[in-house]
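Peer 1: Below you will find the structure I want to go over with you.
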Amino acid sequence: MKRTLFGLLLTFGLLSSKIVSFKYTSIGNMRLNVTNFGLFGTSFSRYIDPSTGQPYPSMEYPKFSKIERLYKGGLWVGAKTPLGKTVTTGAVDETSVTPGSTQGFEFLPSPSISDTIIEKSSIITSPYYSPDAISEQDFYCSYTDYRDFTTFPPEHVPLGLRVSQTVLVWSYPYIDDVVIVKFVLYNDGYAGDWDSVYIGFYGELASGSRDFWGDDFGTTPYFQHKRLFYDPQNYLVYERNDGYDNLATGYGAFKFLGMYWDSVRVDFDTMRVSYNWWTWRDMRGTVPDTIRYKIMSNGERDPNVDDNYVYTRGYPDPIPLLSVGPIPHVNIGDSIVFVMAFIGGMDLQSLYENASWAQKAFEANFILPAPPPSPHLIAVPDNRKVTLYFDNIPEFARDPFPPHLRDFEGYRIYRGTTYNIEDTSWKLVA
Numbered sequence: 001m002k003r004t005l006f007g008l009l010l011t012f013g014l015l016s017s018k019i020v021s022f023k024y025t026s027i028g029n030m031r032l033n034v035t036n037f038g039l040f041g042t043s044f045s046r047y048i049d050p051s052t053g054q055p056y057p058s059m060e061y062p063k064f065s066k067i068e069r070l071y072k073g074g075l076w077v078g079a080k081t082p083l084g085k086t087v088t089t090g091a092v093d094e095t096s097v098t099p100g101s102t103q104g105f106e107f108l109p110s111p112s113i114s115d116t117i118i119e120k121s122s123i124i125t126s127p128y129y130s131p132d133a134i135s136e137q138d139f140y141c142s143y144t145d146y147r148d149f150t151t152f153p154p155e156h157v158p159l160g161l162r163v164s165q166t167v168l169v170w171s172y173p174y175i176d177d178v179v180i181v182k183f184v185l186y187n188d189g190y191a192g193d194w195d196s197v198y199i200g201f202y203g204e205l206a207s208g209s210r211d212f213w214g215d216d217f218g219t220t221p222y223f224q225h226k227r228l229f230y231d232p233q234n235y236l237v238y239e240r241n242d243g244y245d246n247l248a249t250g251y252g253a254f255k256f257l258g259m260y261w262d263s264v265r266v267d268f269d270t271m272r273v274s275y276n277w278w279t280w281r282d283m284r285g286t287v288p289d290t291i292r293y294k295i296m297s298n299g300e301r302d303p304n305v306d307d308n309y310v311y312t313r314g315y316p317d318p319i320p321l322l323s324v325g326p327i328p329h330v331n332i333g334d335s336i337v338f339v340m341a342f343i344g345g346m347d348l349q350s351l352y353e354n355a356s357w358a359q360k361a362f363e364a365n366f367i368l369p370a371p372p373p374s375p376h377l378i379a380v381p382d383n384r385k386v387t388l389y390f391d392n393i394p395e396f397a398r399d400p401f402p403p404h405l406r407d408f409e410g411y412r413i414y415r416g417t418t419y420n421i422e423d424t425s426w427k428l429v430a
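For the sequence shown, the positions run 1 to 430 when this note's numbering is used.
This is how it looks when you write it as structure tokens:
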């Protein structure tokens, strides 16, 4: 099936009175695009970021490498309701995306002007600093599957699902290759109580370099080189290029971290976990909910698409879905907490190390070992010199991770000729 690059065919602003917005993470080593309508990635949109003059990143890893890892992804939630087996999807096999209008993209934010993506930061010198921030870069948003029936396709049957989404990012070297996403799934009652609830994530991982592909980036040949794997012990789906694109080294992945129901931790080992993939365009928006629910709940584990699979069976252009359940019953007004992570690694060992840190962050309720904060800084330029004034906040800061020590060791001053702190021209001068 031929792919044509359309991407997000919408204006990120007013859409049927909804304030549709997106941001990408920038603190860590992964630039992941998130939206307030349940889509992750950009479908390789050609929209240009005015701050860089480059296309908006979809899931770029490492940061500034121009290597993308994810075409698009989205949450799937399925349940048995008085209306039948109902599944709400955040992404399916379509090239163009208009939220709330394209079949299979079934989430929308509210009409409120404040219902956009809110950014907070635990960094005291950040313009987004907030004392209730969880990470160094938090993104908060909310969306539902039942607002504005004038735009939803007539086939859409809502669950009455409201999603509160939190994205967490850190710059610490041990976890800067990870982006964590927490979903709180509320039953707002449109379809009644939910029974036998399954939660999944659709994520088309596809590694490729913009520099290698040039004008052919994101076209049909780009997607013909995926090698896709699943580790059931770690609930980890990961992908690499087959080597044709020699610039796209490393791995992109997503992983399930944990879930809470009725304020109690759910053990995935006691649940039915399903790993399915299909060939591109087999799961378009017209696929009925009964089939989607059957796939989410089948308990199957499809084979890895490795070199041997492709050699013996041909190339399938696989699209993966990882799902878990069932949660027996969710009353109107109750909720489920579901947490996952996007992960990068330049080799398999580093991918697993990063996945381990993502899991540790979840187990520690996102309280991580942290260096002292940077001080507030004022630079006063003069003839052939600059004078720096800064406060002593770092000297008294305590590590948020037990035993909460004051671990300040000293100040360092770097000099550079560019605003890009990733540039290697920056030199330590004091």
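Here a beta-carbon is modelled for each residue, glycine too, at the ideal position from N, C-alpha and C.
Which word fits residue 20, buried or exposed, when buried means at least 16 other C-beta atoms lie within 10 angstroms of its C-beta?
Peer 2: Residue 20 should be labelled buried.
Peer 1: Quick one: what's got a C-beta closer than 6 Å to residue 190's C-beta in the same chain, skipping five residues either side?
Peer 2: Closer than 6 Å at Cβ, skipping near neighbours: 146, 158 and 160.
Peer 1: To the nearest angstrom, how far is it from the Cα of residue 47 to the Cα of residue 281?
Peer 2: Approximately 24 Å, taken between the alpha carbons.
Peer 1: So which of 84, 139 and 173 has the shortest CA-CA distance to residue 370?
Peer 2: For the residues 84, 139 and 173, the minimum Cα distance to residue 370 belongs to 173.
Peer 1: Measuring CB atoms only, is the segment 58–65 touching the segment 264–271, in the sense that at least three cross pairs come out at less than 8 Å?
Peer 2: Result no; under three Cβ-Cβ pairs closer than 8 Å.
Peer 1: Answer yes if the segment 171–186 comes into contact with the segment 339–354, meaning at least three C-beta pairs across the two stretches below 8 Å, and no otherwise.
Peer 2: Yes, the segment 339–354 touches the segment 171–186.
Peer 1: Strictly by DSSP, which residues pair up with residue 353?
Peer 2: Per DSSP, none; premise fails for residue 353.
Peer 1: Just mark residue 364 as buried or exposed, buried being the case when its beta carbon has 16 or more other beta carbons within 10 Å.
Peer 2: Residue 364 is exposed by the Cβ-count criterion.
Peer 1: Give me the DSSP bridge partner(s) of residue 329.
Peer 2: According to DSSP, residue 329 bridges with 195.
Peer 1: Answer yes if the segment 75–94 comes into contact with the segment 313–330, meaning at least three C-beta pairs across the two stretches below 8 Å, and no otherwise.
Peer 2: Segments in contact, yes.
Peer 1: Can you tell me the Cα-Cα spacing of residue 211 and residue 249, whole angstroms?
Peer 2: Roughly 13 Å between the two C-alpha positions.
Peer 1: Select from 200, 137 and 35 the residue whose C-alpha is nearest the C-alpha of residue 327.
Peer 2: The option with the nearest alpha carbon to residue 327 is 200.
Peer 1: Taking contact to mean at least 3 C-beta pairs separated by less than 8 Å, is the segment 232–251 in contact with the segment 345–354?
Peer 2: Yes: the two stretches touch, three or more of their Cβ pairs being nearer than 8 Å.
Peer 1: For the alpha helix (DSSP H) that residue 292 lies in, which residues bound it at each end?
Peer 2: Here the alpha helix (DSSP H) through residue 292 covers 289–296.
Peer 1: Measuring alpha carbon to alpha carbon, tell me which residue in 276, 410 and 292 is nearest residue 305.
Peer 2: Nearest option by C-alpha distance: 276.
Peer 1: Can you find the residues in the same chain that come closer than 7 Å, C-beta to C-beta, to residue 41, ignoring five residues on each side of it along the sequence?
Peer 2: Here the set comprises 33, 58, 59, 70, 71, 72 and 73.
Peer 1: Can you list, in chain order, the residues of its chain with a C-beta nearer than 7 Å to that of residue 135? Leave out the 5 residues immediately preceding and following it.
Peer 2: These residues qualify, in order along the chain: 122, 168, 169, 170 and 366.
Peer 1: Going by C-alpha to C-alpha distance, which of 386, 374 and 303 sits closest to residue 392?
Peer 2: Here the closest residue by C-alpha is 374.
Peer 1: Got a sec: is the Cβ-Cβ distance from residue 73 to anything in chain B below 8 Å?
Peer 2: Within the model displayed, chain B is absent; a lone protein chain is all it includes.
Peer 1: Could you give the first and the last residue of the continuous alpha helix (DSSP H) run that contains residue 40?
Peer 2: Residue 40 -> not in any alpha helix (DSSP H); beta strand (DSSP E) instead, spanning 39–41.
Peer 1: If you check the beta carbons only, do residue 290 and residue 85 fall under 8 Å apart?
Peer 2: It is a contact, given that the beta carbons lie within the stated cut-off.
Peer 1: Do you know offhand how far residue 292's Cα is from residue 330's?
Peer 2: Their backbone Cα atoms lie some 20 Å apart in a straight line.
Peer 1: Rank 53, 163 and 206 by C-alpha distance to the C-alpha of residue 220 and give the top, closest one.
Peer 2: When only C-alpha atoms are compared, the closest one is 206.
Peer 1: To the nearest angstrom, how far is it from the Cα of residue 114 to the Cα of residue 101?
Peer 2: Approximately 22 Å between the Cα atoms of the pair.
Peer 1: Quick one: what does DSSP say residue 54 is sitting in, helix, strand or coil?
Peer 2: Residue 54: strand per DSSP, three-state reduction.
Peer 1: Relative to the alpha-carbon of residue 162, which residue among 243, 142, 67 and 128 has its alpha-carbon at the smallest distance?
Peer 2: Of the listed residues, the one whose Cα sits closest to residue 162 is 142.
Peer 1: Using alpha carbons as the reference points, say which of 381, 415, 357 and 262 lies closest to residue 334.
Peer 2: Among 381, 415, 357 and 262, the Cα nearest to that of residue 334 belongs to 262.
Peer 1: For the putative contact between residue 251 and residue 225, defined by C-beta atoms under 8 Å, what is the C-beta separation to the nearest angstrom?
Peer 2: Between residue 225 and residue 251 the Cβ distance is about 14 Å, and since that is not below 8 Å, they are no contact.
Peer 1: For residue 155, does the count of other Cβ atoms within 10 angstroms reach 16, so buried, or fall short, so exposed?
Peer 2: It is exposed - the Cβ of residue 155 has fewer than 16 other Cβ atoms within 10 Å.
Peer 1: Cβ of residue 194 within 8 Å of Cβ of residue 81?
Peer 2: For residue 194 and residue 81, yes; Cβs fall inside 8 Å.
Peer 1: Report, in whole angstroms, the separation of the C-beta atoms of residue 192 and residue 336, which I expect to be a contact under 8 Å.
Peer 2: So it is not a contact: roughly 16 Å between Cβ atoms.
Peer 1: Leaving out the 5 sequence neighbours to the left and right, which residues in its chain are closer than 7 Å to residue 414 when beta-carbon positions are compared?
Peer 2: Answer for residue 414: 426, 427, 428 and 429, listed in chain order.
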